[in-house]
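Numbered by my numbering, the letters in the sequence shown go through residues 11 to 395 in order.
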Amino acid sequence: MNELTPRQVLDHLVGFPTVSRRSNLDLIDWLESYLASHGIEAHRHWNEDRSKAALFAHVGPWEAGGVVLSGHSDVVPVDGQAWSSDPWVVTERDGRLYGRGTCDMKGYVAQAVWALVRAKHQGVTRPLQLALSYDEELGCTGAPPMIAAMQAVLPQASAAVIGEPSRMKLIHGHKGGTGYHVHVKGFEVHSSLLPYGVSAIMEGARLIGWVNAKNTEIQARPITDIAATFYPPFTTLHVGMIQGGTAHNITAADCKFAVEMRVVPGEDAEALAAEFEAEAARLDAALKAVRSEAGVTLERFFGVPGLRPEVDGAAEHLARQLTGDNSTGVVSYGTEAGQFQEAGYSAVVCGPGDIAQAHQVDEYLELSEWNAGLRFMENLLESLR
11 MNELTPRQVL
21 DHLVGFPTVS
31 RRSNLDLIDW
41 LESYLASHGI
51 EAHRHWNEDR
61 SKAALFAHVG
71 PWEAGGVVLS
81 GHSDVVPVDG
91 QAWSSDPWVV
101 TERDGRLYGR
111 GTCDMKGYVA
121 QAVWALVRAK
131 HQGVTRPLQL
141 ALSYDEELGC
151 TGAPPMIAAM
161 QAVLPQASAA
171 VIGEPSRMKL
181 IHGHKGGTGY
191 HVHVKGFEVH
201 SSLLPYGVSA
211 IMEGARLIGW
221 VNAKNTEIQA
231 RPITDIAATF
241 YPPFTTLHVG
251 MIQGGTAHNI
261 TAADCKFAVE
271 MRVVPGEDAE
281 ALAAEFEAEA
291 ARLDAALKAV
301 RSEAGVTLER
311 FFGVPGLRPE
321 VDGAAEHLAR
331 QLTGDNSTGV
341 VSYGTEAGQF
351 QEAGYSAVVC
361 GPGDIAQAHQ
371 VDEYLELSEW
381 NAGLRFMENL
391 LESLR
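See the structure below:
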C-alpha cells in the first residue's frame with residue numbers, strides 16, 4: 011500500500027464510525043494492514059468478548075527509552091445532533107476540518123500513524139511507538155490492559171505523549187477520578203403509609219446529601235500547592251442526573267443516579283471512594299432493616315488516576331523541545347496520561363485542537379491546529395534520527 015499523507019490517514023480513520031457502543035475492529039483491521047504493508051508489525055490486545063481491540067507497534071532499535079504516541083480509537087455518538095455535513099466524512103471549509111473525531115482525537119492519531127510509517131522509512135536511532143486504545147470515552151477503561159500488554163511485548167518507552175486536544179500546549183497535570191452508578195431499591199406503599207414502606211428517592215437523597223456535605227468539607231480545607239494550579243482548586247463530587255418514582259402519592263420503588271469524583275493528583279482517590287462505599291453500605295443496612303427487599307447497590311463505572319506534574323520529566327522535556335513552548339498547564343478532566351504515568355512512563359498531554367470542540371455537533375479541528383500538530387511530528391522525527 012502506498013504511503014499515505016496525514017490527511018489521507020485522517021480520512022480513513024474518520025470514515026470508521028467507532029462509537030464506543032460499537033466494535034472498532036474495522037478501523038483496527040485497516041490500520042494493522044496498512045502498517046504491515048510498510049513492514050511494521052502491530053500487536054493487538056482484545057477486550058473480553060473480542061469485539062474490540064487495542065493496537066500497538068514499535069519502529070526503530072529494539073531497546074528501551076523511546077517515545078510512545080498514544081491515542082484512542084473510539085468517539086462519542088452523533089445521535090440527536092443536527093450536523094451540517096456527514097460526520098463520518100472529513101469536510102474542509104472555513105479553515106476547519108469537520109467530522110466526528112477530527113478533534114477528539116483522530117486528528118492526532120492520523121499524524122501519529124503517519125509519523126510511525128515515516129520513521130520506518132527514514133530510519134531512527136531512538137524507538138518510536140504507537141498505542142491506540144479502545145473505550146476511552148467510557149471511562150478510560152481500555153488503556154490499562156493495553157499498557158500491560160505493551161509492557162509484556164515491547165521495550166518500554168521513556169516518554170509518552172497523549173494527544174488529547176490541548177491546542178498543542180503542554181499539559182503536565184490533570185485530575186483523576188472515579189464514578190458510581192447508584193441504584194437505591196425501595197418498597198412501594200401509599201404515601202400515607204410512609205413509615206411502612208421505603209422511598210427510594212427520599213433515601214437516595216441521603217447519599218446525595220452526603221455528597222454535598224463532603225464537597226463542603228473538602229472546600230473548607232487548606233488549598234495545597236498542587237491543588238492551587240487547578241480550576242477549581244480542590245477535589246469535587248457531583249451528581250448530574252437522577253431518575254425514579256411512579257406517582258406523587260406512592261413511595262418510590264427505585265431511584266437511580268450517578269456520582270462522579272474529580273480528584274486532585276496526589277490525593278487519595280481510593281480513600282474517598284471507600285468513604286462513599288461505606289456510607290452506601292450504612293444506608294443499605296438501614297433500608298433492609300425496614301424491608302428486606304430494599305437496599306443500595308453500587309456499580310463502579312470508571313477509575314482514572316491523576317497526572318502528577320513531574321520534576322525534570324522526560325516527556326515534559328521532549329514536549330518543550332518539540333513545541334518551543336516553556337509554559338505548562340493543568341486540566342480538571344482525566345485522560346489516559348495518568349494511566350501511563352502510573353505504569354512507569356513519563357507522560358504529558360499535548361495534541362492539536364480545542365477540548366471545547368470535543369463531543370460537539372459539527373466537531374472540527376482548525377487547520378492551524380492541524381498544521382501545528384504536523385510540525386510537532388516533523389520535529390519529533392528529526393529528533394529521533
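Cβ atoms here follow ideal geometry from the backbone N, Cα and C, with glycine treated the same way.
Note that the structure is a prediction, hence the values are computed from the model and not measured.
Do A141 and F26 have their CB atoms nearer than 8 angstroms? In this structure, F26 does not lie closer than 8 angstroms to A141 by Cβ.
What number of angstroms, rounded off, separates the C-alpha of P315 from the C-alpha of N336? The C-alpha of N336 is placed about 25 angstroms away from the C-alpha of P315.
Quick one: grab the DSSP three-state call for Q370. Q370 falls in the coil class under three-state DSSP.
In terms of alpha-carbon separation, which member of V77, N225, V88 and E42 lies closest to S30? Checked all of V77, N225, V88 and E42; the closest Cα to S30 is V88.
Which partner residues of F66 appear in the DSSP bridge assignment? The partner list for F66 (beta bridge, DSSP) reads H53 and A141.
I believe G254 touches D264 by the beta-carbon criterion, under 8 angstroms. Please report the beta-carbon distance rounded to the nearest angstrom. Taking the Cβ atoms as the reference, G254 lies roughly 5 angstroms from D264, within the contact range of under 8 angstroms.
Proximity winner among L297, A284, R310 and V273, relative to R318 (alpha-carbon distances): Ranking L297, A284, R310 and V273 by Cα distance to R318 puts V273 first.
To the nearest angstrom, how far is it from the Cα of L14 to the Cα of V24? If you take the alpha carbons of L14 and V24, they lie about 15 angstroms apart.
Would the stretch 364–384 count as touching the stretch 56–65 if we require 3 or more Cβ pairs under 8 angstroms? Judged by Cβ distances under 8 angstroms, the stretch 364–384 makes no contact with the stretch 56–65, as fewer than three pairs qualify.
Could you check whether L107 and V99 sit closer than 8 angstroms to each other, using their CB atoms as the reference points? No.
Just the C-alpha distance for V359 and A324, rounded to the nearest angstrom, thanks. Rounded to whole angstroms, V359 to A324 spans 13 angstroms at the Cα level.
Are the beta-carbon atoms belonging to W220 and E289 less than 8 angstroms from one another? Taking 8 angstroms as the Cβ cut-off, W220 and E289 qualify as a contacting pair.
Distance between E346 and V371 (C-alpha atoms, nearest Å): CA-to-CA, the gap between V371 and E346 works out to about 24 angstroms.
Distance check for I211 and A296, CA to CA, integer angstroms please. Cα-Cα distance, rounded: 15 angstroms.
Once the 5 residues before and after E352 are set aside, which same chain residues still bring their CB inside 6 angstroms of it? P315, listed in sequence order.
With a Cβ-Cβ cutoff of 8 angstroms, do V77 and A159 count as a contact? No, the Cβ-Cβ distance between V77 and A159 is not below 8 angstroms.
Should Q121 go down as buried or exposed, given a rule of 16 or more other Cβ atoms within 10 Å for buried? Per the 10 Å Cβ criterion, buried.
List the DSSP bridge partners of D265. Note on identity: in this sequence residue 265 is Cys, with Asp being the wrong assignment. C265 has V194 and G254 as its beta-bridge partners, per DSSP.
Can you give me the start and stop residues for the alpha helix (DSSP H) that L390 sits inside? Start and end: L377 to L394.
On a CA-only basis, which of R231, G363 and E388 is nearest V123? Give me that one, please. With distances taken between Cα atoms, V123 lies closest to E388.
Just to confirm, is the Cβ distance from R310 to T188 under 8 angstroms? The Cβ atoms of R310 and T188 sit closer than 8 angstroms to each other.
Near T28, which residues of its chain fall below 7 angstroms by C-beta distance, leaving aside the five closest residues on each side in sequence? For T28, the CB contacts under 7 angstroms within the same chain, skipping 5 residues up- and downstream, are N34, L37, S83, D84 and V85 in chain order.
Where F312 and Y190 are concerned, what is the direct C-alpha to C-alpha distance, given to the nearest angstrom? Cα to Cα, the separation comes out at about 8 angstroms.
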